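Student:
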Amino acid sequence: MSDQAYCGPLSPALQRLGQYLDRFNEGEQGDAGMRRLQWRAALQRSLPQSGIGLDKVLQELGEQVIPNGSAVPLPGFTSFITTGATNMGVLASLAAMVASPQRIGLTAFQQLEELSLNWLVELFHLPAEMKGVYSSGGSTANLLALGAARQRAFELRGHDCGRDGVPPGGRIFATAASHRTIHRAAAVLGMGRESVLTVKTDQTGRMCPRDLALHIERVLQADLIPVAIVANAGSTSTGAIDPLQAIAQVADRFDLWLHVDGAYGLPGILDERVRPLYTGIDRADSVVVDSHKWLGAPVGIGATLVKDRSLLLRAFTQGASDYLEGSFAEGLDSLPDSADGFVHSLDSMGIPYSDFGVELSSPARGAVVWALLREIGAAGMAARIRRHNDMARSLAEQVEAHPRLELLQAPTLSICCFRYRVEACDDLNALNRQLHRRLIHRGKNLPSTAMIDGQLAIRPCFIGARTDWVQVDDLLQDVVSTGDALWAELVAAQTK
Ligand SMILES: *Cc1c(COP(=O)(O)O)cnc(C)c1O
2 MSDQAYCGPL SPALQRLGQY LDRFNEGEQG DAGMRRLQWR AALQRSLPQS GIGLDKVLQE
62 LGEQVIPNGS AVPLPGFTSF ITTGATNMGV LASLAAMVAS PQRIGLTAFQ QLEELSLNWL
122 VELFHLPAEM KGVYSSGGST ANLLALGAAR QRAFELRGHD CGRDGVPPGG RIFATAASHR
182 TIHRAAAVLG MGRESVLTVK TDQTGRMCPR DLALHIERVL QADLIPVAIV ANAGSTSTGA
242 IDPLQAIAQV ADRFDLWLHV DGAYGLPGIL DERVRPLYTG IDRADSVVVD SHKWLGAPVG
302 IGATLVKDRS LLLRAFTQGA SDYLEGSFAE GLDSLPDSAD GFVHSLDSMG IPYSDFGVEL
362 SSPARGAVVW ALLREIGAAG MAARIRRHND MARSLAEQVE AHPRLELLQA PTLSICCFRY
422 RVEACDDLNA LNRQLHRRLI HRGKNLPSTA MIDGQLAIRP CFIGARTDWV QVDDLLQDVV
482 STGDALWAEL VAAQTK
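What follows is the structure, given as structure tokens:
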């Protein structure tokens, strides 16, 4: 048996892999959960003592693993905000994996890292001075942004948290509609989940600026330390956008860091009909967006954009290391272009992204975002966002026109929250919960559910590049016919 992994030409294997993946994308295989016992038994082997070689592993991958993959990339999947990657995203991601396993060094990949971050700033109408760093997704992107906020809040009080640790008393202001990754970020940053205070919202889940100001005043009176306001630009449940302008005024009044979580909803700014709702976002000190959501990148790509990247550096730098000592040439950071031909890509680390976040080794993610934007341009991206927003609006209109459907929240972006409703039913939450399970088991339309003011909503989020208009009609019909059948069964069971 050879101890060598096969490292010869890649393209024949890629062609085979492509065929397996194309078959998966056709979606004819049905859901993995339905035949779970089969693939579990086939895959549950003991540690192989000797290998079977690339060809046979590729075959197992193609026949047993890929067809039993996730429902997330299906066109009818509207549950989470993650979705299947577009082909361009997959290809660029693979290219980066092979040709630039790191983002450090003077390479084309590193240039695209910075260029694509700057493109995101421009694309989303953010202030030109904003700079960024990529990380694995919204969770980490929020963590980095709040790390910068924490660094600033304590530096203003003469304390360097990155160097010396975190004194108690930091507080973050968010709403119940905020993503729970905010609470986890607070925990990782040494402030604790309980440091996130819950500001009131209006009926549509938008932050109440007056209550925000009250919370901040109370924190100051108690000699605690306001660290950041976290506003949503597209909440996960309903897509609500907080009143950013009014919140920014509160942030200004207290000289407080404003963070905008746009992991899902920042690209909504490309739809000029909802763009006014983002007014005030230029005041944000930090903004995050998940490229692996609306932009269609493969999962594992989020961006943190900040006005002052040196705060990220002070919060997250590793400090000097013996293992890199002397590895790079000195003074190459301001290299004149005329020096072309005299430098090696390893003469400099280039932009020290690994000190702006929590990852040292990292995929070169910028090439993926660059490729997505090169493929369809800002106009193509805007058209996709508008289409998905239109789909949610159209669904809402049809729901309102239907006698047995009820709209629970008018869409702001591409999420529509509604439910099946018959007057005689005294537990609509239970009815809609059962209805939803049946939809999922049928496997064609896969929305999630969300609680809106104690009412269980069916919650489709239209976000996938492969999700198109046919899914709107399909979902509507599926909900009505499933609801009708379920209600008829319940009535029959009661009268028996
Ligand atoms: C999805 C999401 C997150 C978390 O992002 P991940 O990429 O899943 O880590 C954070 N905030 C909001 C508003 C989100 O929609």
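Residue numbering for the sequence shown follows my numbering, beginning at 2 and increasing consecutively. We put the beta carbon where it would ideally sit given N, CA and C, even for glycine. Values in this document were obtained by computation on a predicted structure and should not be read as measured data.
1. Could you name each continuous beta strand (DSSP E) segment of 3 residues or more that falls completely within the segment 81–114, going from the start of the chain to the end?
2. To the nearest angstrom, how far is the alpha carbon of R276 from that of I270?
3. Taking the alpha-carbon of L157 as reference, which of T202, D212, L257 has the nearest alpha-carbon?
4. DSSP has Q456 in a bridge; who is on the other side?
5. Just to confirm my understanding: we take P513, look at its own chain, exclude 5 residues before and 5 after, and list those with CB closer than 8 Å. What are they?
6. Could you pull out every residue in the same chain whose Cβ sits closer than 6 Å to the Cβ of T84, ignoring the five residues on either side in sequence?
7. Would the C-beta of G444 count as close to ligand 1, meaning under 7 Å from any of its heavy atoms?
8. Could you tell me the boundaries of the alpha helix (DSSP H) in which N446 lies?
9. Would you mind sorting P102 into buried or exposed? The rule is 16 or more other CB atoms within 10 Å of its CB.
10. Output needed for H184: all residues of its chain with C-beta closer than 6 Å, excluding positions within five of it in sequence on either side, in chain order.
11. Cβ atoms of V251 and A304: under 8 Å apart, would you say?
12. According to DSSP, Q410 sits in a beta bridge with which residue or residues?
13. Per the contact definition of three or more C-beta pairs closer than 8 Å, is the segment 439–448 in contact with the segment 66–79?
14. Report the rounded CA-to-CA distance for T202 versus Q20, giving the unit in angstroms.
15. By DSSP, does A365 sit in helix, in strand, or in coil?
16. Whose beta carbon lies closer than 5 Å to any heavy atom of ligand 1, going through the chain in order?
17. Does any heavy atom of ligand 3 sit closer than 7 Å to the C-beta of V288?
18. With a 10 Å radius around its C-beta and 16 neighbouring C-beta atoms as the bar for buried, classify R438 as buried or exposed.
19. Pick out whichever of G106, L62, Q45, W120 has its Cα sitting closest to the Cα of W371.
20. Are there 16 or more other CB atoms within 10 angstroms of the CB of E114, so buried, or fewer, so exposed?
21. Report buried or exposed for M2, applying the criterion of at least 16 other Cβ atoms within 10 angstroms of its Cβ.
22. When burial is assigned at 16 or more other CB atoms within 10 Å of the CB, is A43 buried or exposed?
23. Per DSSP, F463 forms a beta bridge with which residues?
24. Taking DSSP as the reference, what is the three-state secondary structure of R434?
25. Could you check what DSSP says for G133 in three-state terms: helix, strand or coil?
Tutor: In this structure, then:
1. The DSSP assignment places no complete beta strand (DSSP E) segment of no fewer than 3 residues inside the segment 81–114.
2. Computed Cα separation, rounded: 5 Å.
3. Minimum Cα distance to L157 is reached at L257.
4. DSSP, once it has assigned bridges, lists I453 as partnering Q456.
5. The question about residue 513 has no answer here: the residues shown for the chain are numbered 2 through 497.
6. Within the same chain, T84 has close Cβ partners I464, G465.
7. No.
8. Per DSSP, N446 belongs to no alpha helix (DSSP H) and is neither H nor E.
9. Exposed.
10. Take H184, set aside five residues on each side of it, and the residues of its chain with a beta-carbon closer than 6 Å to its own are R194, V197, in chain order.
11. In terms of Cβ geometry, A304 and V251 do not form a close pair [threshold 8 Å].
12. Its beta-bridge partners are C418.
13. Yes, they touch.
14. Their backbone Cα atoms lie some 49 Å apart in a straight line.
15. In this structure, A365 counts as coil in the three-state DSSP scheme.
16. Those residues are I82, G138, G139, S140, H180, T182, T237, D262, A264, Y265, D291, given in chain order.
17. Among the ligands in the structure shown, ligand 3 does not appear; only ligand 1 can be found there.
18. Label assigned to R438: exposed.
19. Comparing Cα-Cα distances from W371 to each of G106, L62, Q45, W120, the minimum goes to W120.
20. E114 should be labelled buried.
21. At M2, the pLDDT of 48 sits below 50, so the modelled position is not reliable; the number obtained from the coordinates is stated separately. With fewer than 16 Cβ atoms within 10 Å of its Cβ, M2 is classed as exposed.
22. Under this definition A43 is an exposed residue.
23. Answer is none; F463 lacks a bridge partner.
24. In the three-state reduction of the DSSP assignment, R434 falls in the helix class, which pools H, G and I.
25. DSSP, read as helix, strand or coil, puts G133 in strand.
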